[in-house]
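Protein chains in written order, with our numbering: chain U, 1 to 287; chain A, 288 to 729; chain Y, 730 to 1063.
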C-alpha cells in the first residue's frame, strides 16, 4: 500500500517511477486539518461558466496536485483560492471556498488580506525588476514586518528556497540577472517570506529545464514540512513525485465547464483510479 | 523572355527614375535641416566669438564697408567712396599691424634687454678677473651695441605709438564719415558682427541697442547685452509648467493603463488626442482669456499654464504606453503577495517604466521650450531678469522672435545667438530622451 | 498563525472600506483623468464663450468678408481663412509627395545601416522650434527666394489676370522684393510638416505585409511597380491620414507663418507672391493688444473656426491611420 510502482507510458518511452513514497510519514497526520475546502464552487468568466460544482478539500501540510488536460479549469480553481481571478474584470465565483473555515468568496471578504496569507508562485518566473533583496522583502514590507527582522527572514526564506548559497554575495543585484530556475526559486522565496499559510503554485516548472525542475521539486518537498501547498501541473510524473493528494479535473464536453472528476490520495489515483476517464488520462490514452 | 517584353526598357527606366526620386526627396528634406542647423550654428556662433583685441572690430567694420561698396553698382559716386575706403582700409591695416607689432615688441624688449645686460655683466666680470683677451673684448663690444640698438628701438616705439594712435583715430573717423556718406549703409550694419564678449551674453540681460550709431567705435564700445533674462525665463516657465503637467499627465496615464476598459478612459484618451491636435495658439488664447484677462496682467505663470496644457497629452500618452509595457505577470506577483493596487503601481509598475516616463517628460519639455505662440499671448516679454512668475517675463523663443523682427542688425545677431542657445537646448534634450530609452531597451 | 490572523470577512475597518487605499487611488487617478477632459472642455468653452459677441454681431457671412479695421470695428475673416488655406495647401502640395517618397525610401530602398540615422535626422528636423524656421526663412531663405524664384517668375508672368496664371503674377500691394508672402509661408510650412508626413508614411509602409511585395515581384514587376501597386496602394489610407495630420499641423502653425506671411489683413490678393495673413498669425499678433472687446471677440471667433477645422481634420486622419495600422478589415497581418 505504501510503496508501489506503476508503469506509465508517456510518449513512446515507458518509464518506471515510484509514487507515493512519502505517504507513510503522513499517515501519522491522517487527522490533519482541512485547510482549504471548496464547496459546490462555480466560477464564471462573464457569462461563460468555467468551473462547475467543484467540491474538494486540501489538508494542512499536504501537497495537493491539480492535474488535467488544458482548459479543464485547474488554474482557474487554483487562482480562485486566493481570488487572483478578481484582477480580470467580469469574473465571479459562486458557492464557497473555505480557507481555515472562512469563505473567501463571502460578500465582505477581503481579497487583499487573503492574499497576504496565501503565497503564490506563477507559471513563468516573474521577479520584480528590483534587487534580489527587495524582491524577497516586498511581501514582508506589505505585511508590516518589523524592520529588524526583515534581513533574517530574507536569509531564511532564501535558504528554504535553496537559493541562499547562490545569491548571498549579490543580494543588491537585480533579480532579473538570475537564470530561469534561480528566478523561479527567488519567486518561491518571495512567496514564502511572509510565512503564508498556503502556497499556490501554478505550473511552476513549465518554463524550466529538467535540472531546475528537480531543484524546485526538492524545494517543494522541503517546504511541505511547514506549508500547505497546492500545485497545478501538466506533468503527471511531477504530480506523482511530489504530491500527497491529487485532483483530476476535466472539461465537460457539453457545457465546456471544468469539473472535478476524481480526488484522492496520489497513490490511489495513479494506481487504482476509480473513474474510467482518470484511468484514460493517467495511462496516456487521452490528453 | 522578360528582356524582350516591348515595354521592358521603358519600365526599367521609370523604375530607376522613381527610385532615384526617393533618394532626391530624402536629400531635399535633409538640406534644410543642415542649412538651418548650419546657419544657426555659424551665425549664432559668430555672435559668441570673443575678440581679445578691440582693433579687430574696426577691421571687420571697414572690411564690411568695402565689401558693401564694391557690391553695389552706383558708378561714379560709389567708386570714389570705394577707392577712399580701400585706401583707408589698407592704411588701417598697416597701422594696425604696425601697432600690433610694436605692442608685441614693447612687451618683449624689456626681457631681451635684461638678458643682454646680464651677459654683458658676465663678460665684463671675466675681463676684470682673468684679463682681457681680444675675443672677450669683441664680445663685450657686440653686446653693448646690441643693447644700444634695442634701447633705440624702444625709444622709437614709445614715440611712434601715440602717433599711430592718433592716425588711427583719424582713419576711423574718416571711415565713419565715409560710411555716413555712403547711401544705404548704416553704421549698425558695419558693427553688427562680433561686438560682444561671449561671457556677458549668458549673464546679462537685454540693453537698449543704439538706435542711431554715430561711429563704429561707439557700436563696438556699446555692450549689446545678452539673453540671460531669456534663459532664466525659459527655465522658470517651462519648469513650472512641468510641475503642473507632470502630476496630471502621469496620474491620468496611470488611470488609462491601470483601469483601461471603462467608457471614461476612452473619453480621456479622446481628450488627449484633441489636446495634442489643438494648435498651440488656441491653447494660448485659452490661457490668455482664463489667466491674463482675469488677473489683468501678463505673467510667466499664464505662460506656464498654456505650456502645461501642451505637455499633458505627451506625458499622458507616453506614461500609458510605458506602463502597459510592464508585463502582467509582474503585477500578478505583487497582487499574489497581497499588495493593494496603488502600492504595487507605485513600487513596481512605475519604477519599471521610469525611463519611458522620463523620456516622455523630456520630449514634453523640449516641445514646450520651443513653443512661441502661446507665450506671445501670455508672458509679454521683459528686458530684465525676473524670478517672479507673477510678472511679465522673457523667454528664449520670444526673444528670438522679437529680435528677428527688430530692424537693428545688432538685435538680429542677438536673435541668431539666442536661436543657437534654444536649438542646442532642444536638440540636447531630444538626444537625451533618445539615450534614456536606448539604455532601457539594451 | 491562522488563529492570530484577523478574520477575512465581517470586519468593517476603515482600511477595508477604502480597499486598503485602492479606492482613494482609483479616485485620485480618475480625478486627474477627468482633469484632462476638463482641459478640453475649458478650451472649447473659452473659444465658444469668448466669441459669442462676434458671432452675434456678424454671423457666418463674416467668414467670407474682406476688410480689417479695428478702429472702425470693420472685420472680415476671409483674408485670414484664405491665407491659412492657401499657405497650408501649398505646404501640402510640396511636402505631401516628397514626404511619401521619403517614407518609401526609408522603408523600402534605404540600406539597412542608414535607416536608423536617417530616421533620427528626420525626427530632429521635427524637433526644431518653429520660430527658428521662421527666422531662417526671413534671413536666409527669403533673399534667396526673391532673387532666384520670385523675381524671375513674376517677370515672366507679368500682370496676368486669368486664373491659374494670376496666382503667379506680380503682387499689387507690396513689391515682390519685400519677399514675405503666402507662397514663402507655404514653402516654410512645407519644410516643417515634411518630417511628420515622412515619419507617418514610413510607419504605415513598414507594416505592409511582405506577401504583397512578393506577389508583385513574382509576376515580374519592377521594384517601383512593386512599391506603387503593392505597397503604396495597400497603405494609401494611412498615407492620406499622415498627409492630413501634416496639413493639420500646417493649419495651426503660428510662428513660422506669422514671421514670413507678411500681414496683409485687409484684402486678398490674387497673387501668391503677395503678402497675406493666416488665422493663427492674426490671432497671435493682435489678441494681446486688442482694442475693444469686439476686436478680441472677433479674434477668438477666428480661433474657434481654426480649432474646428483642425479638430475635424485630425479626427478624420486618426481614423484613417488607425484603420490602416490594423490592416484591412483588421485581420490580414503577415
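For every residue, glycine included, the Cβ atom is placed at its ideal position computed from N, Cα and C.
Asked: Find the residues of chain A that neighbour residue 112 of chain U, judging by a C-beta separation of less than 7 Å, and give them in chain order.; Found: 625 and 627
Asked: Between residue 708 of chain A and residue 667 of chain A, what straight-line distance do the alpha-carbon atoms span, to the nearest angstrom?; Found: 20 Å
Asked: Anyone know if the C-beta pair for residue 171 of chain U and residue 188 of chain U falls short of 9 Å?; Found: no
Asked: Answer yes if the stretch 684–704 of chain A comes into contact with the stretch 840–848 of chain Y, meaning at least three C-beta pairs across the two stretches below 8 Å, and no otherwise.; Found: no
Asked: For chain Y, is any of its Cβ atoms less than 9 Å away from the one on residue 507 of chain A?; Found: Only weak support is given to the placement of residue 507 of chain A: the predicted model assigns it a pLDDT of 47, under 50, and the value that follows is read from those uncertain coordinates. Not one chain Y Cβ lies under 9 Å of residue 507 of chain A.
Asked: With a CB to CB cut of under 6 Å and the five nearest residues on each side skipped, what residues in its chain are close to residue 627 of chain A?; Found: none
Asked: I'd like to know if residue 621 of chain A contacts chain Y, where contact means its C-beta is closer than 9 Å to some C-beta of that chain.; Found: no
Asked: Name the chain U residues whose beta carbon is nearer than 8 Å to that of residue 548 of chain A?; Found: 89
Asked: Please go through the same chain and pick out, in chain order, the residues whose beta-carbon is closer than 8 Å to the beta-carbon of residue 306 of chain A, but skip the five residues on each side of it.; Found: none
Asked: Pick helix, strand or coil for residue 67 of chain U, following the three-state DSSP scheme.; Found: strand
Asked: Using DSSP bridges, identify the partner residues of residue 804 of chain Y.; Found: Y:797
Asked: In whole angstroms, what is the alpha-carbon distance linking residue 798 of chain Y and residue 1018 of chain Y?; Found: 14 Å
Asked: Helix, strand or coil: how does DSSP classify residue 207 of chain U here?; Found: coil
Asked: Check distances from the C-beta atoms of the stretch 917–943 of chain Y to those of chain A and list, in chain order, the residues that come in under 8 Å.; Found: 920, 923, 924 and 927
Asked: Using only CA atoms, which one of Y:853, Y:752, Y:975 and Y:1020 lies nearest to residue 816 of chain Y?; Found: Y:975
Asked: Give me, in chain order, the residues of the same chain whose beta-carbon lies closer than 6 Å to that of residue 706 of chain A; leave out the 5 immediate sequence neighbours on both sides.; Found: 327, 331 and 687
Asked: Can you name the residues of chain A whose CB is closer than 9 Å to the CB of residue 103 of chain U?; Found: The contacting residues do not exist; residue 103 of chain U stays about 18 Å from chain A at best.
Asked: According to DSSP, is residue 162 of chain U part of a helix, a strand, or is it coil?; Found: coil
Asked: Between residue 644 of chain A and residue 617 of chain A, what straight-line distance do the alpha-carbon atoms span, to the nearest angstrom?; Found: 18 Å
Asked: Can you tell me whether DSSP reads residue 270 of chain U as helix, strand or coil?; Found: helix
Asked: Output, in sequence order along the chain, the residues in the stretch 607–620 of chain A whose CB is closer than 8 Å to any CB in chain U.; Found: 614, 616, 617, 618, 619 and 620
Asked: With a threshold of 8 Å (Cβ to nearest heavy atom), would residue 705 of chain A be considered close to the ligand FAD?; Found: This structure lacks the ligand FAD; in fact it carries no ligand of any kind.
Asked: When the cut-off is 9 Å and only beta carbons count, does residue 300 of chain A lie next to chain U?; Found: no
Asked: Rounded to the nearest angstrom, what separates residue 538 of chain A and residue 148 of chain U at their Cα positions?; Found: 34 Å
Asked: Using the C-alpha atoms, what's the distance from residue 229 of chain U back to residue 5 of chain U?; Found: Note that residue 5 of chain U has pLDDT 44, beneath the 50 cutoff, so the model's placement of it is unreliable and no number is given.
Asked: Hey, residue 833 of chain Y and residue 309 of chain A are a contact pair by Cβ (cut 8 Å); roughly how many whole angstroms apart?; Found: 5 Å
Asked: Give a yes or no on whether the minimum CB-CB distance between residue 202 of chain U and chain Y is below 9 Å.; Found: no
Asked: Would residue 603 of chain A count as contacting chain U if we go by Cβ distances under 9 Å?; Found: no
Asked: Classify residue 297 of chain U as buried or exposed, calling it buried when 16 or more other Cβ atoms lie within 10 Å of its own Cβ.; Found: Because chain U here runs from 1 to 287, residue 297 of chain U falls outside it and cannot be looked at.
Asked: Roughly how far, in whole angstroms, is the beta-carbon of residue 36 of chain U from the beta-carbon of residue 198 of chain U, given that I think they are within contact range, below 8 Å?; Found: 7 Å
Asked: Please determine, among Y:754, Y:808, Y:761 and Y:750, the residue with the shortest C-alpha to C-alpha distance to residue 558 of chain A.; Found: Y:761
Asked: Do residue 660 of chain A and residue 587 of chain A have their CB atoms nearer than 9 Å?; Found: no
Asked: Going along the chain, which unbroken runs of the alpha helix (DSSP H) with 4 or more residues stay wholly within the stretch 540–586 of chain A?; Found: 550–564 and 567–574
Asked: Relative to the alpha-carbon of residue 1065 of chain Y, which residue among Y:938, Y:982 and Y:983 has its alpha-carbon at the smallest distance?; Found: Residue coverage of chain Y in this structure runs from 730 to 1063, which leaves residue 1065 of chain Y outside it and unanswerable.
Asked: For residue 961 of chain Y, which residues in chain A fall below 7 Å Cβ to Cβ?; Found: Under the 7 Å cutoff, chain A gives no residues; its nearest Cβ is about 11 Å from residue 961 of chain Y.
Asked: Cutting at 8 Å between CB atoms, please list the residues of its own chain near residue 403 of chain A, excluding the five before and the five after it.; Found: 430, 433, 434 and 437
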